[in-house]
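Take a look at the structure below.
Residue numbers (our numbering), protein chains in the order written: chain A, 7 to 168; chain B, 7 to 168.
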């Protein structure tokens, strides 16, 4: 797809996060399975359901801007997930692996915070008010997921691993 | 390197960001060159100098924890940079490309914010007080770079592209 305007760039980035969210839906079950700490396991399970809702919300956003939901290969999220899976397979100690997975999940959240922050700004500028509102809902969910991981890390994951 | 403890994971992650920072040092000159808006160009140039300082600071952190500065291939940053370069080459319109580059740079900043946030927490937990202090300095620089990009985007880049 040729990108010639901010509208094109907005749609391109929507497709990028749509691809990313679906990769995350695929990655989270094995992270939940491998998590040893019950709180971390629960966080991953809850975030899996939340992410499925974010995929649905993106599909609604595509509809609002008269585009078909379609993914655009996103090397960034592929790299972040590849790094996570490599680390998960390399660490035998359960507490250390939990700390690594929580940190990796925060890298994923921050990627999404950056992208949704951009998408909200562009949607507003382009006059897509309803789309901007929906994207802002997801942005808040991602920030909250990141904050929960920080708290879980501070409260025990890192202490268990130290 | 086998990862068996939080200390190992900390050193592994240091190597990951050391690799990442050096990739960013390589990527920023062409972003600065391609930026059409003079403010964005200046932001990239300034951040290049700041990033070189962050590489030096990481080398000092390696010294503080008795490790040799060494990079560990980081697929996450490679993916983020590959995506940026692909977009830069695909967009002919200068204002749209500026908006895309500013957004891509924010994805890079957020990756680093996630990683340095984790590194500061782990350094404190492991008793590496001086290392934690240095890592926190970089964390603040990355947050500030991200905020500057947000302001530049709001003030004019996105408007120019819309």
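Every residue gets a Cβ at the ideal spot worked out from N, C-alpha and C, and that includes glycine.
- prompt: Within the 8 Å Cβ cut-off, does residue 157/A reach chain B?
  reply: no
The region 113-131 of chain A: positions lying closer than 8 Å to chain B by Cβ: 113, 115, 116, 117, 119, 120, 121, 123, 124, 127, 128 and 131
Counterpart residues of residue 9/B in DSSP-defined beta bridges: 97/A
query: Between residue 13/A and the rest of its own chain, which residues show a CB-CB distance below 7 Å, the 5 nearest in sequence each way excluded?
result: 132
task: Using the Cα positions of residue 62/B and residue 81/B, report the straight-line distance between them to the nearest angstrom.
output: 22 Å
query: What number of angstroms, rounded off, separates the C-alpha of residue 2/B from the C-alpha of residue 38/B?
result: Outside the shown range of chain B (7 to 168) lies residue 2/B, about which nothing can therefore be said.
Length at least 4, wholly inside the region 131-168 of chain B: the alpha helix (DSSP H) runs in chain order: 135-158 and 164-167
- prompt: Cα-Cα, which of 34/A, 123/A, 78/A and 161/A is closest to residue 89/B?
  reply: 78/A
query: Excluding the five sequence neighbours on either side, which residues of its own chain have a C-beta within less than 6 Å of the C-beta of residue 114/B, listed in chain order?
result: 86
- prompt: Near residue 60/A, which residues of its chain fall below 6 Å by C-beta distance, leaving aside the five closest residues on each side in sequence?
  reply: 27 and 144
- request: Quick one: list the residues of chain B neighbouring residue 102/A, beta-carbon separation under 9 Å, in chain order.
  value: 9, 10, 11, 12, 14 and 15
- request: Assign residue 159/B to one of two classes, buried (16 or more other C-beta atoms within 10 Å of its C-beta) or exposed (fewer than that).
  value: buried
task: Could you work out which residues of chain B lie near residue 81/A, taking near to mean beta carbons separated by less than 7 Å?
output: 85, 88 and 89
- request: Give the C-beta separation of residue 119/A and residue 116/B to the nearest angstrom, bearing in mind that I take them to be a contact with Cβ-Cβ under 8 Å.
  value: 6 Å
- request: Give the interface partners of residue 97/B over in chain A, defined as CB-CB distance under 9 Å, in chain order.
  value: 8, 9, 10, 14 and 15
query: Which term fits residue 153/A, buried or exposed, when burial requires 16 or more other beta carbons within 10 angstroms of its beta carbon?
result: exposed
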